[in-house]
Amino acid sequence: MLSISSEMALPQLIPSSPSSSSFTHYKPTLNPNALLSSSLNPNSIFKSSLLLRRRRKSNGLRCSSSSYPERNYTNSPKSDDVVELPLFPLPLVLFPGAILPLQIFEFRYRMMMHTLLQTDLRFGVIYSDAVSGTADVGCVGEVVKHERLVDDRFFLICKGQERFRIGNIVRTKPYLVAEVTWLEDRPSPDGEEDLDSLANEVESYMKDVIRLSNRLGGKPEKEVQDLRRNLFPTPFSFFVGSTFEGAPREQQALLELEDTATRLKREKETLRNTLNYLSAASAVKDVFPST
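Per this note's numbering, the very first residue in the sequence shown carries number 15; after that it's consecutive.
What follows is the structure, encoded as structure tokens:
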């Protein structure tokens with residue numbers, strides 16, 4: 015299910031049209047929390063039994079710089095650049111600008127972290143599961159905070175950077191390394207789109223979903239804060255995708271799209287379907303308050 019996280023119930027989310035990627039759709043849920051935090055909620059992550067655990071509270075995290083441009087992509091690498099990148103397959107999708115807490119305890123990835131901490135602190139996060147296999151489009155994660163424990167485990171806070179597409183596999187041991195090219199959004203094939211207006215529409219649907227979610231959850235309806243926070247349409251579209259937690263295949267499909275307008279339209283359709291569902295559920299609750 016897709017999620018928009020916060021202090022509210024998790025409504026049923028109705029997906030948009032079928033994915034153009036190799037990933038199949040399934041019915042997601044929407045969790046409103048990530049929308050209401052001042053930044054993406056670092057606690058809203060998927061756990062892997064081998065690679066991930068929720069980050070514990072710690073005061074010993076060390077900071078590293080991050081070059082991610084908050085408002086626009088003026089420093090993005092060129093799409094025809096080919097670089098070698100260590101890869102970390104995970105049962106989740108990382109988006110540009112999103113925050114990802116990780117605990118590293120598997121030996122090969124501890125080796126990878128030792129190398130990264132001496133170089134540029136960047137690795138590739140790629141979605142992988144038993145059904146779909148490993149995706150060929152992922153997102154760079156940059157280590158912005160880290161703590162090395164006495165048993166050689168690592169606590170990390172990573173931030174999503176550029177998207178990439180895997181070309182050639184360089185090696186698989188001790189960990190996966192591949193040649194990748196950078197992925198950028200192209201102009202819409204339909205011509206000029208009013209992306210700012212489209213992004214505002216998506217934000218409006220998100221606010222309505224949050225409002226109805228609160229109502230159905232028996233919580234007070236309050237004004238939803240600014241969700242765009244001055245983000246340009248492209249980074250905002252990534253933010254929206256990152257809130258669709260619980261539906262990694264849908265998120266992967268959004269990540270793979272190379273057109274901001276198409277991504278926003280797909281998110282808008284998904285949110286509109288969800289809003290229709292919530293409106294119907296709210297009407298039923300009004301007629302049958304005890305149900």
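Yeah, the Cβ is synthetic: ideal placement off N, Cα and C, and Gly gets one too.
Item checked: Where the alpha helix (DSSP H) containing F252 begins and where it ends -> P247 to S256
Margin query: Beta-carbon within less than 7 Å of V238's beta-carbon, same chain only, minus the 5 sequence neighbours each way: which residues are those?
Written below: K221, I224 and R225
Margin query: Do C153 and G181 have their beta-carbon atoms positioned less than 9 Å apart in this structure?
Written below: no
Next item on the list: Provide the residue span of the beta strand (DSSP E) that contains R122, from first to last.
Entry: Segment F121 to L130 is the alpha helix (DSSP H) holding R122; no beta strand (DSSP E) there.
Notebook entry, point to check: Measuring CB to CB, does F137 end up less than 9 Å from L114?
Noted result: no
Note to self: Is the beta carbon of F250 closer than 9 Å to that of A275?
What the structure shows: no
Notebook entry, point to check: Out of V216, V158, D150 and S296, which has the shortest C-alpha to C-alpha gap to G231?
Noted result: S296
Check: What are the start and end residues of the alpha helix (DSSP H) that includes P299?
Finding: Checking the displayed sequence, the identity of residue 299 turns out to be Lys instead of Pro. From DSSP, the alpha helix (DSSP H) with K299 extends over T274 to V301.
Next item on the list: Would you mind working out which of A112, A192 and C172 sits nearest E259, comparing C-alpha positions?
Entry: A112
Check: Measuring from the CB of D222, is there a heavy atom of the ligand NAD at a distance below 8 Å?
Finding: Judged by which ligands are present, the structure shown has none, so any question about the ligand NAD falls away.
Checklist line | Per DSSP, the bridge partner or partners of P110 | finding: Paired residues: none, contrary to the question.
Next item on the list: Measure the alpha-carbon distance for E193 versus G255 and round it to whole angstroms.
Entry: 26 Å
Note to self: Let me make sure I understand the geometry here. Which of S142, V164, K279 and D300 has the alpha-carbon closest to that of E217?
What the structure shows: K279
Margin query: What does DSSP give as the partner residue(s) for Q117 in the beta ladder?
Written below: F169
Notebook entry, point to check: Fully enclosed by the stretch 135 to 171, which beta strand (DSSP E) runs are 3 residues long or longer?
Noted result: 136 to 143 and 147 to 162
Notebook entry, point to check: Does DSSP classify N244 as helix, strand or coil?
Noted result: coil
Notebook entry, point to check: How long is the line joining the alpha carbons of P303 and L245, rounded to whole angstroms?
Noted result: 40 Å
Note to self: If contacts are defined as beta-carbon pairs under 8 Å, then L190 and P103 qualify, I think. What distance do you get, rounded to the angstrom?
What the structure shows: 7 Å
Check: So A192 is in the alpha helix (DSSP H); what residue range does that whole segment cover?
Finding: Taken as a continuous stretch (DSSP letters only), A192 belongs to no alpha helix (DSSP H), being part of the beta strand (DSSP E) at V191 to L197.
Notebook entry, point to check: Considering E264, what are the terminal residues of the alpha helix (DSSP H) in which it resides?
Noted result: P262 to E270
Check: By Cβ distance below 8 Å, which residues in the same chain neighbour L130 in space, the five residues on each side in sequence not counted?
Finding: P100, R136, F137 and V157
Check: If we count the other Cβ atoms within 10 Å of its Cβ and call it buried at 16 or more, is Q132 buried or exposed?
Finding: exposed
Next item on the list: For my contact list, F252 and F119 are in at a C-beta cut-off of 8 Å; report their separation, rounded to the angstrom.
Entry: About 29 Å separates the two Cβ atoms, so there is no contact after all.
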